[in-house]
Each structure stands twice: as C-alpha cells, then as structure tokens.
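As you go down the protein sequences, you meet chains A and B in turn. Numbering of the first sequence is given in full-length UniProt numbering, commencing with residue 1 and proceeding in unit increments. Numbering of the second sequence is given in full-length UniProt numbering, commencing with residue 1 and proceeding in unit increments.
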Amino acid sequence: MPKHTIDPNQWIDLYSDYLFNFTVSRVNDREKAKDLVQDTFFAGLKSMKNFKGEASERTWLISILKRKIIDHYRKINSNKGKAEIRVEFNSEDDEGSWLEKRVADPDYKTAEDTIINEELGDAIYNCLNKLPQKQATVFRMKTIEGLETDTICNELNITPSNLWVIIHRARITMAECMEKNWF
Amino acid sequence: MKNKSFLFISCEEAQIICDKSQYKEATLWEKFKLSLRFLWCRITRTYVSKNKKLTQSLKQSKVTCLKQSEKENLKETLQKELKKQEH
C-alpha cells in the first residue's frame, strides 16, 4: 500500500518555493529557474500515474527537477566552473603570438561553501514548512522577499502590530527549529 | 509609575523590537529601551542572541522564493494543464 499520496492542487503552495530555491542555487538565473520549476510541475502532471507513493511528493518532484536541470545544462553545453580564457595581442612586435590569460571567476565559491549554503537553504525551507500558513506567508514576504511592512499589511489586510506579532511567533518557531536541525 | 512604563518594557515588547531591528525597522528610542532591558533580563539576552543567529543564517543561505504574483500565475497555468489532462 502506498505511503504517500499525490495532490497537484497543493503543489504550488507546498513546494514551489522549495523547488525554486533549489533551482536558483543551481542555475543562477531567476527566469530560467521559474521555467524549470514550471516544467517540473508539468512533467509531474504527465507522469502522475507513475507515482508509486514510496517517496514523498517533494522527493519525487525534486527527482524530476534534477533531471530538468541536467537537461538544461546539456542544452546550453555550459562552461560553468571552467576558467575563462581571454586571448590578447600584447604589442605590434608580439602580434600574432597568443597569450592565454586565466581570469578568476568573480562569483567563485568553493564546493564546500556551495554545499553548506544549499543544505542551509534546505534546513530553512524545512522549518518554514512547519509554520502555520499565515505565519509562513508573512515571514516569507518580509524576510525572503524583503517587502516593506506597509505593502504586506495592505496585501494581507492586517495592521503593522499584527504583522510584528506574526513575525515574532514565526521567528520563535524558526529559531527553535533551526536550533534542532542546524545550529 | 507612568515614568517607569515609559522606560521599561515587557519581555515580549523587547523581543518584538529585537525582531524589528533585524529588518532595520526599530527606531532609536525603541533600541534604547531594548538595550535597557537587555542589561538586566536574561530571557531578552537569550532571545536577542538566537534571533541574530537566525538572521545570520538567513543571510548566509541567500534563500529566495517566488513572488506572490508569480505563484498565482503558476497556479493558474497548472490548473489549466490539469484540466486539459482531465478531458
């Protein structure tokens, strides 16, 4: 008997942020990440019948997304991670002699940094998923999207004091959860 | 008595000011009141320390998410696709 069930109507609310964050950290392109997440959901819909319920919905969607990311890199035949080679002519005398110059990648991060940040991102999203819906929405809008207090209050029809109480409760739960799972 | 409440704040108030300060939205006066409480309240000190740790982790992770409007669009597109499949 399958342990997990599938419900596409809940996918966006439950997994879109997690999948999006997972993708952005791997493709470094917001628009591309959005497309890949959308493609993942579409592919998920098409292969829903193959879902056996052995893994959770999120694990299953992540496995589809990983394949989409690999396909993306195959398509663009990316040179990501390789040193850029610039070819310059030095002077008139040197004309025709090639100089290869290795240029450091300005966004260079060690593999360890990347892994730690990805795992930290996962831990944060796991804790965020444990918050009640309203707290999660307000916390996400304020902390991750970085929206102004007034904007959030207008959008959600709450007062600033309500907002800070919600943020406070969310931060307590987040800190406790991160204490258990990360710190 | 009035003067006392003017300067001294409750633990929860102090914690909310600490939250605001994580988003750089606490006023100087609020920060002053928080500092006063911080001096003698162990619970406030613990909260401030944990809260700062959380802020640091959030910054370090550089987590990102979809905007609400992007989510709504995605939801709509997915619903259309779902309906297509049902037919």
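Quick reminder that beta carbons are idealized off the backbone N, C-alpha and C, glycines included.
Check the Cβ of residue i against every Cβ in chain A and list those closer than 7 Å, keeping chain order.
i       : result
Ser61/B : Asn117, Leu120, Gly121, Ile124
Leu58/B : Ile124, Thr143
Glu81/B : Phe42, Leu45
Leu74/B : Ile12, Ser16, Gln38
Go ahead and label residue i buried or exposed: buried means 16 or more other beta carbons lie within 10 angstroms of its beta carbon, across all protein chains shown.
i        : result
Glu27/B  : With the sequence shown as reference, residue 27/B is identified as Thr, and Glu is not the correct amino acid for it. Exposed, since its Cβ has fewer than 16 Cβ neighbours within 10 Å.
Ser47/A  : exposed
Leu39/B  : exposed
Trp60/A  : buried
Asp29/A  : exposed
Asp13/A  : exposed
Lys83/B  : exposed
Cys127/A : buried
Asn50/A  : exposed
His72/A  : buried
Leu7/B   : exposed
Lys68/A  : buried
Glu76/B  : exposed
Ile9/B   : buried
Lys34/A  : buried
Cys11/B  : exposed
Gln22/B  : buried
Thr151/A : exposed
Ile85/A  : For Ile85/A, the predicted structure reports a pLDDT of 48, less than 50, and the residue's modelled location is therefore unreliable. A value from the coordinates is still provided. It is exposed - the Cβ of Ile85/A has fewer than 16 other Cβ atoms within 10 Å.
Arg26/A  : buried
Val103/A : Because the pLDDT of Val103/A is 45, which lies under 50, any placement of that residue in the model is unreliable, and the number read from its coordinates should be weighed accordingly. Result: exposed.
Arg140/A : buried
Gly53/A  : exposed
Below 7 Å on C-beta distance, what does residue i contact in chain B?
i        : result
Thr149/A : Glu25
Ile168/A : A quick correction: the sequence has His, not Ile, at residue 168/A. Here the neighbours are Gln15, Ile16, Asp19.
Leu65/A  : Going along chain B, no residue has its Cβ under 7 Å from Leu65/A, so there is no contact; the nearest lies around 14 Å.
Arg171/A : Asp19, Asn51, Leu54
Could you name the residues of chain B that residue i contacts, counting a contact when the two beta carbons are closer than 8 Å?
i        : result
Val24/A  : Thr64
Ile6/A   : By Cβ distance, chain B contributes nothing, its closest Cβ being about 12 Å from Ile6/A, past 8 Å.
Trp11/A  : Leu78
Arg140/A : Cys65
So which residues on chain A does residue i lean against when the C-beta distance must stay under 9 Å?
i       : result
Glu70/B : Ser16, Phe20, Lys34
Leu34/B : The contacting residues do not exist; Leu34/B stays about 13 Å from chain A at best.
In chain B, which residues lie less than 9 Å from residue i when you measure between Cβ atoms?
i        : result
Leu182/A : One detail in the question is off: residue 182/A reads as Trp in this sequence, not Leu. Ser57, listed in chain order.
Ala175/A : Tyr47, Lys50, Asn51, Lys53, Leu54
Trp60/A  : Correct list: empty, because the minimum Cβ distance to chain B is about 16 Å.
The region 150-159 of chain A touching the region 171-178 of chain A, judged by at least three CB pairs closer than 8 Å: As far as the Cβ criterion goes, the region 150-159 of chain A does not touch the region 171-178 of chain A, which means the pair count is below three.
For the 8 Å Cβ check, are there 3 or more pairs between the region 30-48 of chain B and the region 5-15 of chain A? Not touching, per the Cβ criterion.
Meets three-Cβ-pair contact criterion under 8 Å: the region 44-59 of chain B and the region 6-17 of chain B: Verdict: yes, contact present.
What are the complete beta strand (DSSP E) segments, minimum 3 residues, inside the UniProt domain "RNA polymerase sigma-70 region 2" (13-75) of chain A? Correct list: empty.
Can you give, in chain order, each stretch of the alpha helix (DSSP H) that sits fully within the region 13-61 of chain B and has at least 4 residues? Runs found: 28-40, 42-61.
Can you give, in chain order, each stretch of the alpha helix (DSSP H) that sits fully within the region 105-164 of chain A and has at least 4 residues? For the region 105-164 of chain A, whole alpha helix (DSSP H) runs of length 4 or above, ordered along the chain, are 111-128, 133-139, 149-156.
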